[in-house]
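Engineer: Sharing a structure with you now.
Protein chains: 2
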Amino acid sequence: MLIVGERINTSRKVKGEPVIENAVASRDAAFIQKLAKDQVDAGATYVDLNCGTLREDEPESLEWLTKTVQSSVDAPLTFDSPNPVAVERALAAYDTGRGQPMINSITAESGRYEGILPLVQKYKTKVIALAMDDSGIQSDPEKRLTVARDLVKRLTDAGVPLDDIYVDPLTFPIGTGSDVGVAMLEIISDLMNEFPGVHTIAGISNVSHGMPARKILNQAMTILAMDRGMDAAIIDPMDRYLMALVAATEAILGRDEFSMNYITLSREGRFEGL
Amino acid sequence: MLIVGERINTSRKVKGEPVIENAVASRDAAFIQKLAKDQVDAGATYVDLNCGTLREDEPESLEWLTKTVQSSVDAPLTFDSPNPVAVERALAAYDTGRGQPMINSITAESGRYEGILPLVQKYKTKVIALAMDDSGIQSDPEKRLTVARDLVKRLTDAGVPLDDIYVDPLTFPIGTGSDVGVAMLEIISDLMNEFPGVHTIAGISNVSHGMPARKILNQAMTILAMDRGMDAAIIDPMDRYLMALVAATEAILGRDEFSMNYITLSREGRFEGL
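Sequence order for the protein chains is A and B. The opening residue of the first sequence carries number 1 in my numbering; numbering runs sequentially from there. The opening residue of the second sequence carries number 275 in my numbering; numbering runs sequentially from there.
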């Protein structure tokens, strides 16, 4: 399971305070580096960097975040921006020795597709492909699947290997309808069956938007999506219970031979107190 | 989701002590009644009664358990024994006003099938159908599915409504092989697709036998099995985290319209501290 740690995001608030935004704006390297290290220690495979709220300062800030985070952890990074200028600044500063970078994200929207694709090609990045186009986000799952399918085809036609594509079917809040959870799960199954070798990923936490006890819903949704083949997730790796459930799910689904990873995590004390 | 609370089982030990067995043997009604009430308060739909370790005293003890528990809770009961004499003693003492009783379980083994079937028919019970026959438990999932399928056909041919049949595909410990989890999930999917209207159930905790951090594995397995259509489970309802995850899974899978049950449980404080 590829875990993209979502915590370094300037739109995220802690007790109502934009603490990440403040840290980036004031170039508080120690604060950001701890956020990165904590996530990697907790099991994040990639560390997502998002400073979109800084607007015109986004390119410079994303470059700063890249340099700052890679001096603290060895994990590869995910550049989370629709802005090709910001993403390219980050890619140029990226130390490729740590593994392929990932762009979060491309869509089929005109402008965005043409802006991001050349970076995917030039830097041979992994890329998250959001199932949306110029008509916006389709709430009809059949239409959303069509958008996703077309985007995968366009990317592979442009030479992007299937193995570098992480399709995000877009997570709708279950508060908007009793069928949106199942719809998302079905899009994941369909994509994984139709394009063997492609990956699926989701920003899971949107499923619980507006609901009470969000953490529990996010945990259940992650397991359910894994059952449909999802092999990557943008989540909070500091949620120890979630990470434990992910490891358990991998063991049950036969993705963790002899459950060795699960047993090792247990021996390391990762499940203590859960 | 139909939850069968598994706690009243004389083979269960607490800190190495056979406290349930002792309570049943000494007719400690207050102890047993509390066990029953706690489970129902926690969300159990059915309360399972198993006193198999008492051997020759099983029939009398199961009758005593039945009377004792039904004077404390309104929930229907599950009689957990392969012994038709014990099950019939319990059924005769059962107060049908609380809903259909359930027998745990029938199999395709000769003797057991013929012993239990007349009780299912006479008392119009629900029945758990274990996927095993005279050849024992098949570790090959394809063969186990065949046994389950044949058993469902025999039961329906004998007039048992599909809606009263809860097929248990038998849970193997994942420690025995990396493919046993997936095999079980596939048997559940196949049965639910092949016999629309039938139910599936499992004694989930066996999945984690011999593994560390068993609770987490049991929780993940429950969610995965629900994703394949399992609509009943024999679990420990006192595991609050598990019960919360089950409620979240029902909301995501569209089995909880407008997530009203999830929201209600949250308002009742059921998820507090999780």
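All C-beta atoms, glycine included, are put in the ideal place defined by N, C-alpha and C. Just so we're clear, the structure is a prediction, and the values are computed from it rather than from any experiment.
With a threshold of 7 Å between beta carbons, is residue 540/B in contact with chain A?
Structural biologist: In the second sequence, the residue the question calls residue 540/B occupies position 266. So, interface residue.
Engineer: Any idea which residues DSSP pairs residue 126/A with across the strands?
Structural biologist: Taking the first sequence and counting its residues from 1, one reaches residue 126/A at position 126. 102/A.
Engineer: Using Cβ-Cβ distances below 7 Å, what residues of the stretch 244-258 of chain A are close to chain B?
Structural biologist: 244, 245, 248, 249, 251, 252, 253, 254, 257, 258
Engineer: Please list the residues of the stretch 219-238 of chain A that have a C-beta atom closer than 9 Å to any C-beta atom in chain B, keeping them in chain order.
Structural biologist: 219, 220, 221, 223, 224, 226, 227, 228
Engineer: Tell me whether residue 187/A sits in a helix, a strand or coil according to DSSP, three-state version.
Structural biologist: Mapped onto the first sequence, residue 187/A falls at position 187. The answer is helix: DSSP assigns residue 187/A an H, G or I state.
Engineer: Can you give me the C-alpha to C-alpha distance between residue 531/B and residue 522/B, rounded to a whole angstrom?
Structural biologist: One-based indexing of the second sequence puts residue 531/B at position 257. One-based indexing of the second sequence puts residue 522/B at position 248. When rounded, the distance between both Cα atoms is 12 Å.
Engineer: Give, in chain order, every unbroken run of the alpha helix (DSSP H) that is at least 4 residues long and sits entirely within the stretch 214-259 of chain A.
Structural biologist: 214-227, 240-252
Engineer: For residue 182/A, return the contacting residues in chain B, with the cut-off set at a CB-CB distance below 7 Å.
Structural biologist: Position 182 of the first sequence, counted from the first residue, corresponds to residue 182/A. Those within 7 Å of residue 182/A in chain B are 527, 528.
Engineer: Using DSSP's beta-bridge definition, name the partner residues of residue 277/B.
Structural biologist: Your numbering for residue 277/B matches position 3 in the second sequence. Beta-bridge pairing links residue 277/B to 507/B.
Engineer: What would DSSP say about residue 175/A, mapped onto helix, strand or coil?
Structural biologist: As a position in the first sequence, residue 175/A is number 175, starting the count at 1. In the structure shown, residue 175/A sits in a helix (DSSP, three-state: H, G or I).
Engineer: The beta strand (DSSP E) that contains residue 321/B, what's its start and end?
Structural biologist: One-based indexing of the second sequence puts residue 321/B at position 47. 320-323 is the extent of the beta strand (DSSP E) around residue 321/B.
Engineer: Taking Cβ-Cβ distances shorter than 9 Å, what residues in chain A pair up with residue 548/B?
Structural biologist: What you label residue 548/B is simply residue 274 of the second sequence in a count that begins at 1. Per Cβ cutoff of 9 Å: 213, 215, 216, 241.
Engineer: Considering only the alpha carbon of each residue, which of 274/A, 97/A, 138/A, 82/A lies closest to residue 116/A?
Structural biologist: Taking the first residue of the first sequence as 1, we reach residue 116/A at position 116. It is 82/A whose Cα lies nearest to the Cα of residue 116/A.
Engineer: Where does residue 368/B fall in DSSP's three states?
Structural biologist: As a working note, residue 368/B is residue 94 in the second sequence. Residue 368/B: coil per DSSP, three-state reduction.
Engineer: Rounded to a whole number of angstroms, what is the C-alpha to C-alpha distance between residue 315/B and residue 493/B?
Structural biologist: Locating residue 315/B in the second sequence gives position 41, where the first residue counts as 1. Locating residue 493/B in the second sequence gives position 219, where the first residue counts as 1. Distance between the alpha carbons of residue 315/B and residue 493/B: 20 Å.
Engineer: Rounding to the nearest angstrom, what Cα-Cα distance links residue 431/B and residue 395/B in this structure?
Structural biologist: Walking along the second sequence from the start, residue 431/B turns up at place 157. Walking along the second sequence from the start, residue 395/B turns up at place 121. When only Cα atoms are considered, residue 431/B and residue 395/B end up about 12 Å apart.
Engineer: Quick check on residue 384/B - is its C-beta less than 7 Å from some C-beta in chain A?
Structural biologist: Along the second sequence, one-based indexing puts residue 384/B at 110. Answer no: the Cβ-Cβ gap between residue 384/B and chain A never drops below 7 Å.
Engineer: Rounded C-beta distance between residue 48/A and residue 234/A? I'm assuming under 8 Å.
Structural biologist: Reading the first sequence from its first residue, position 48 is the one you call residue 48/A. Reading the first sequence from its first residue, position 234 is the one you call residue 234/A. Indeed they touch by this definition, with Cβ atoms about 6 Å apart.
Engineer: Quick one: give me the first and last residue of the alpha helix (DSSP H) that residue 284/B is part of.
Structural biologist: Within the second sequence, numbered from 1, the residue matching residue 284/B stands at position 10. DSSP places residue 284/B outside any alpha helix (DSSP H), giving it a letter other than H or E.
Engineer: Taking Cβ positions only, does residue 178/A come closer than 7 Å to chain B?
Structural biologist: For the purposes of this step, residue 178/A is taken as the residue at position 178 of the first sequence. Chain B, which has a Cβ nearer than 7 Å to the Cβ of residue 178/A, makes this yes.
Engineer: CB-CB under 6 Å to residue 164/A, same chain, minus the five flanking residues each way: which ones, in chain order?
Structural biologist: Working through the first sequence from its first residue, we reach residue 164/A at position 164. Correct list, in chain order: 126.
Engineer: Name the two residues that bound the continuous beta strand (DSSP E) containing residue 354/B.
Structural biologist: As a working mapping, residue 354/B is identified with position 80 in the second sequence. Residues 351-354.
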